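2 protein chains.
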Amino acid sequence: MSRLDSFIRRLQAQRACLDRAALLIADLPGPVLEFGLGNGRTFDHLRAILPHRDIFVFERAVAAHPDCIPPADRLILGDLRATLPAAHARFAASAVLAHLDIATGEAAASRALAASLAPLIAPLLRPGAVVVSEPPLAVPGWRALALPDGVEPGRYHLYRVAHAAE
Amino acid sequence: MSRLDSFIRRLQAQRACLDRAALLIADLPGPVLEFGLGNGRTFDHLRAILPHRDIFVFERAVAAHPDCIPPADRLILGDLRATLPAAHARFAASAVLAHLDIATGEAAASRALAASLAPLIAPLLRPGAVVVSEPPLAVPGWRALALPDGVEPGRYHLYRVAHAAE
Numbered sequence: 001m002s003r004l005d006s007f008i009r010r011l012q013a014q015r016a017c018l019d020r021a022a023l024l025i026a027d028l029p030g031p032v033l034e035f036g037l038g039n040g041r042t043f044d045h046l047r048a049i050l051p052h053r054d055i056f057v058f059e060r061a062v063a064a065h066p067d068c069i070p071p072a073d074r075l076i077l078g079d080l081r082a083t084l085p086a087a088h089a090r091f092a093a094s095a096v097l098a099h100l101d102i103a104t105g106e107a108a109a110s111r112a113l114a115a116s117l118a119p120l121i122a123p124l125l126r127p128g129a130v131v132v133s134e135p136p137l138a139v140p141g142w143r144a145l146a147l148p149d150g151v152e153p154g155r156y157h158l159y160r161v162a163h164a165a166e
Numbered sequence: 167m168s169r170l171d172s173f174i175r176r177l178q179a180q181r182a183c184l185d186r187a188a189l190l191i192a193d194l195p196g197p198v199l200e201f202g203l204g205n206g207r208t209f210d211h212l213r214a215i216l217p218h219r220d221i222f223v224f225e226r227a228v229a230a231h232p233d234c235i236p237p238a239d240r241l242i243l244g245d246l247r248a249t250l251p252a253a254h255a256r257f258a259a260s261a262v263l264a265h266l267d268i269a270t271g272e273a274a275a276s277r278a279l280a281a282s283l284a285p286l287i288a289p290l291l292r293p294g295a296v297v298v299s300e301p302p303l304a305v306p307g308w309r310a311l312a313l314p315d316g317v318e319p320g321r322y323h324l325y326r327v328a329h330a331a332e
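Just so you know, the protein sequences line up as chains W and A, in that order. My numbering puts the first residue of the first sequence at 1, with every later residue one more than the last. My numbering puts the first residue of the second sequence at 167, with every later residue one more than the last.
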């Protein structure tokens with residue numbers, strides 16, 4: 001499989017997981033959190049499939065297509081290690097969906113970064129919230145969900161935040 | 167359609183056109199020319215589907231994944247407006263496939279750049295050669311080919327260089 005093949009499969013997996021997540025949270029209230037704006041493609045997809053949700057984007061420095069930049073009051077600029085702790089009060093256990101795409105091409109570094117960020121993201125999410133991520137995450141109380149049909153295990157990841165009783 | 171949807175379709179169209187081009191040139195000799203290395207994904211795809219061809223890559227400055235950088239003797243570094251005229255003697259009417267992906271996100275600028283480069287590329291190609299391009303190109307003697315099934319008109323472009331008698 002060429003890198004072009006692999007990249008297409010990764011994007012298809014990403015889209016399938018976002019679409020599945022949108023269905024899974026349909027009956028729950030709360031905003032959506034996008035970690036990393038990048039070129040804005042997944043933000044654009046999220047607002048297309050979740051037109052009635054507030055979507056907040058965390059990004060270090062905006063470099064997206066001009067059509068794909070969120071309004072200033074929904075853009076949280078800065079390093080996640082600083083902006084996530086500062087966002088705890090604002091989003092405390094309210095967010096219903098989080099998308100974390102920080103795969104950098106260097107698997108070990110991506111996993112280490114994700115592992116350091118996940119405990120900072122967890123307090124923002126409500127019970128029943130869905131997390132869509134690459135790389136994989138291991139957080140107490142987050143249960144891995146089956147992937148949509150056609151998505152190979154390991155290409156993208158879906159988790160559901162447990163309810164307190166679980 | 168979101169930008170994520172659109173991007174996936176573009177990559178699928180690109181791959182389908184490259185795969186089709188590889189079949190179309192199967193009975194013709196000659197090297198393959200890749201204009202723009204970028205991250206190296208399409209170069210990696212070309213060498214996967216054309217393992218017995220010499221593939222030469224023209225690139226201004228290499229920023230590809232380390233696994234996707236061609237050997238130094240097949241990498242032609244510099245601005246295409248300088249390296250293409252200099253390559254006429256080396257490739258004079260010998261290349262069998264050219265892939266030009268210079269869509270920059272700004273359609274008018276991409277088309278103007280492609281229009282200025284196409285006359286410099288044409289002398290490198292043999293009769294019967296196939297050109298895969300985005301944006302579209304208009305070159306005397308290049309005939310637009312039907313796109314593979316599933317590729318929407320305008321997403322990517324295929325041309326065949328006419329034989330002298332055509």
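Ideal Cβ placement from N, Cα and C applies to all residues, glycine included. None of these values were measured; they are calculated from a predicted model.
Identity of the residue in the options nearest residue i by Cα
| i | options | result |
| --- | --- | --- |
| W/G105 | A/L286, A/P237, A/R207, A/L303 | A/R207 |
| W/R3 | A/C183, A/A230, A/H218, A/F222 | A/A230 |
| W/A72 | W/F56, W/P85, W/D79, W/Y156 | W/F56 |
| W/I25 | W/L137, W/V132, W/G141, W/D149 | W/V132 |
| W/V32 | W/F91, W/R126, W/A98, W/A109 | W/A98 |
| W/S116 | W/A162, W/A138, W/N39 | W/A138 |
| A/A274 | A/P301, A/A284, A/V262 | A/P301 |
| A/R247 | A/F209, A/R226, A/D267 | A/R226 |
| A/M167 | W/R47, W/C17, W/N39 | W/R47 |
| W/I76 | W/C68, W/P66, W/V62 | W/V62 |
| A/D267 | A/R292, A/A284, A/V327, A/A255 | A/A284 |
| A/P236 | A/E200, A/L189, A/A312 | A/E200 |
| W/L18 | W/H45, W/S6, W/D5 | W/H45 |
| W/L92 | W/F58, W/I49, W/N39, W/G30 | Here the sequence assigns Ala to residue 92 of chain W, which means Leu is not the residue at that position. Of W/F58, W/I49, W/N39, W/G30, the residue nearest in Cα terms is W/G30. |
| A/G294 | A/V262, A/D171, A/A312, A/P306 | A/V262 |
| A/G204 | A/C234, A/A312, A/R326, A/V296 | A/C234 |
| A/A182 | W/L23, W/I8, W/A21 | W/I8 |
Per-residue contacts from residue i into chain W (C-beta, under 9 Å)
| i | result |
| --- | --- |
| A/L177 | L4, F7, I8, L11 |
| A/H231 | R3, G105 |
| A/H211 | S2, R3, L4, D5 |
Reduced DSSP secondary structure (H/G/I, E/B, other) of residue i
| i | result |
| --- | --- |
| A/I221 | strand |
| A/R326 | strand |
| W/P50 | According to the sequence shown, residue 50 of chain W is Leu rather than Pro. Three-state DSSP puts W/L50 in coil, outside helix and strand. |
| A/L170 | helix |
| W/L37 | coil |
Partners in chain A for residue i, counting only beta-carbon separations shorter than 7 Å
| i | result |
| --- | --- |
| W/T42 | L170 |
| W/A48 | S168 |
Partners in chain W for residue i, counting only beta-carbon separations shorter than 7 Å
| i | result |
| --- | --- |
| A/R186 | Per Cβ cutoff of 7 Å: no residues; A/R186 is ~14 Å from chain W at best. |
Beta-carbon neighbours of residue i, restricted to chain A and to distances below 9 Å
| i | result |
| --- | --- |
| W/C68 | R169 |
Proximal residues of chain A, C-beta to C-beta of residue i below 8 Å
| i | result |
| --- | --- |
| W/R15 | L170, D171, I174 |
Exercise for the section: Would you mind listing the alpha helix (DSSP H) stretches within the segment 65-144 of chain W that are 4+ residues and don't spill past its ends, in chain order? Expected result: Counting only runs of at least 4 residues, the segment 65-144 of chain W fully encloses the following alpha helix (DSSP H) elements, listed from N- to C-terminal order: 80-86, 88-91, 107-121.
Practice task
Would you check if the segment 142-157 of chain W and the segment 171-178 of chain A touch, i.e. whether three or more CB-CB distances between them fall below 8 Å?
Solution key: With a cut-off of 8 Å, the segment 142-157 of chain W and the segment 171-178 of chain A do not count as touching, because too few Cβ pairs lie within range.
Handout entry: the segment 284-291 of chain A contacting the segment 309-316 of chain A, beta-carbon criterion three pairs below 8 Å
Key = With a cut-off of 8 Å, the segment 309-316 of chain A and the segment 284-291 of chain A do not count as touching, because too few Cβ pairs lie within range.
Handout entry: the segment 213-220 of chain A contacting the segment 247-255 of chain A, beta-carbon criterion three pairs below 8 Å
Key = Output reads no: the segment 247-255 of chain A does not touch the segment 213-220 of chain A.
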